[in-house]
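Here's the structure we're looking at; comments come further down.
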Amino acid sequence: DVAGAFIQNEVSLWDGAELTLGTKLENNSFTDLNVQPSVRLTQRFGESTTLWGSISRAVNTPAYGDRAVRIEIPATPPLRTLFAANTSTDDTEMIAYELGFRTRPLDRLSFDLAAFYNDYDGVVTFAGQTFGNPADFGFDDGDPGTFDTVILLDNERNAHAYGVEAAIDAQVTETLKGKFNATWQHVSLGGIDDP
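Under our numbering, the sequence shown has 77 at position 91, and the numbering climbs by one with no breaks.
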């Protein structure tokens, strides 16, 4: 079960500057209440150029597939792999830092450039443990002709990603519009003992 709400407020600070504050509140039956705030500062320079920066927190809640999945592979005897996540599997949290620049040198042409850094905590990965007795996890159906194994998942790892995004929008004619987007990103997944 998931229930959520969102609230946001925009505040004018000085000439061309605007502060946007907001948060998403989400409650789910796996990890209870999550607060996901965000803050964005935008500075406009005239009618055609904008500089902005933001910090936000986002959460990915565990799905049923992160806790128990059954995969049956036809074989003789049948091979069934049972994935069982630790019952303490928690949310994957991300803190996102962004800085962007947009300009419109012509009415029909605009450029966007943004840099980002995302810090992840609690990424769901293979725990490095495999067990051959599914009965210990409540999966055994008593079929002696089926080979069962249990692979545990956990979210003890962290990760970070950083990169840049660029976009060009061009209204070539009244009926023809061109759009170009490109992203470069580097992702690093840390070990269980990594900071």
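Glycine included, C-beta positions come from ideal geometry on N, C-alpha and C. Treat the numbers as computed from the prediction; the structure is a model and nothing was measured.
Can you tell me whether A71 is helix, strand or coil according to DSSP? Residue placement at A71 is flagged as unreliable, the pLDDT there being 49, under the threshold of 50; the coordinate-derived value follows with that caveat. The answer is strand: DSSP assigns A71 an E or B state.
Checking 7 Å against the spacing of the C-beta atoms, do A49 and Y106 come in under that value? no
What does a CB cutoff of less than 6 Å around A3 pick up in its chain, not counting 5 residues either side in sequence? Q29
Just the C-alpha distance for V167 and A152, rounded to the nearest angstrom, thanks. Note on residue identity: the sequence assigns Asn, not Val, to residue 167. If I take the Cα positions, the gap works out to 6 Å.
Are V173 and A147 close, meaning C-beta to C-beta below 7 Å? yes
Using a 10 Å radius around the Cβ and a threshold of 16 neighbouring Cβ atoms, would you call N141 buried or exposed? buried
At which residues does the beta strand (DSSP E) containing S40 begin and terminate? 35 to 46
Could you give the DSSP three-state label for A49: helix, strand or coil? coil
Would you tell me roughly how many angstroms separate the C-alpha atoms of S42 and L11, rounded to the nearest one? 13 Å
Three-state secondary structure (DSSP) at L(-1)? coil
May I ask you to list the residues that DSSP assigns as paired with V150? A101, W170
Alpha carbon to alpha carbon, what distance is there between W38 and F102? 12 Å
Helix, strand or coil at D179 [DSSP, three-state]: Confidence in D179 is poor, its pLDDT being 47 and thus under 50, which makes the residue's placement unreliable; the coordinate value appears in the next sentence. In this structure, D179 counts as coil in the three-state DSSP scheme.
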